[in-house]
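Numbering (the working numbering), first residue to last: 2 to 182.
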């Protein structure tokens, strides 16, 4: 029973870290990256679809992305999503869109770091909430000695610390990337 609680908590913590990793990948760093637009939701035949399902995305230059769309009907929806979400205007050539990323100002870099800090704290809270739920489940177990519960809680704390450290490491690397270092 204790192992089931651990497996579930660890799985949920991994998911929280992966979600955070994917979310931070979309933060602009001054260099073109396909992760900037891959998950962008585009209105396509009445539903919201991630851009990566509508065409191939590539980095054509240090500050330029090229999106080759497979369906001409998707072009206007993709243009709209880029303009609304990234505040950038793509250049259109048939089914190909090019996005040139302007250099980041120091002020914009600081704003991105603030956003990153907020995302980091949300990820830490998610991991702590998983710990809290697992802790309550462990404490509610019947037929388990207090020593076993205590050992399990210590193990749970180590697991939590491991994932919080992973979140901190991702955030630190991303902050360096944003600040241009």
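Ideal placement from N, C-alpha and C gives every residue a C-beta, glycine not left out.
Item	Value
7 Å CB neighbourhood of residue 101 in its chain, flanking five on each side removed	64, 65
Where residue 164 falls: helix, strand or coil (DSSP)	helix
Spatially closest choice to residue 94 from 143, 76, 107, by CA coordinates	76
Sufficient close CB pairs (3 or more, under 8 Å) joining the region 4–23 to the region 158–173	yes
C-beta contact flag for residue 17 and residue 171 at 9 Å	no
Check whether residue 71 and residue 61 have beta carbons under 9 Å apart	no
Straight-line gap, residue 176 to residue 67 (C-alpha atoms, nearest Å)	26 Å
Top-ranked residue by Cα proximity to residue 169, from 137, 28, 140, 123	123
Residue 7 and residue 160 closer than 9 Å at C-beta	yes
Where the alpha helix (DSSP H) containing residue 140 begins and where it ends	107–140
Extent of the continuous beta strand (DSSP E) to which residue 44 belongs	42–45
Contacting residues, own chain, Cβ-Cβ under 8 Å from residue 135 (five flanking each side not counted)	6, 7, 9, 10, 157
Cα-Cα separation, residue 91 to residue 83	7 Å
Spatial neighbours of residue 40 in its chain, beta-carbon cut-off 6 Å, leaving aside the 5 residues before and after	51
Backbone CA spacing between residue 117 and residue 28 [nearest angstrom]	8 Å
Pairwise C-alpha distance: residue 23 and residue 43	18 Å
N-terminal and C-terminal residue of the beta strand (DSSP E) that residue 67 is part of	65–70
Reduced DSSP secondary structure (H/G/I, E/B, other) of residue 29	coil
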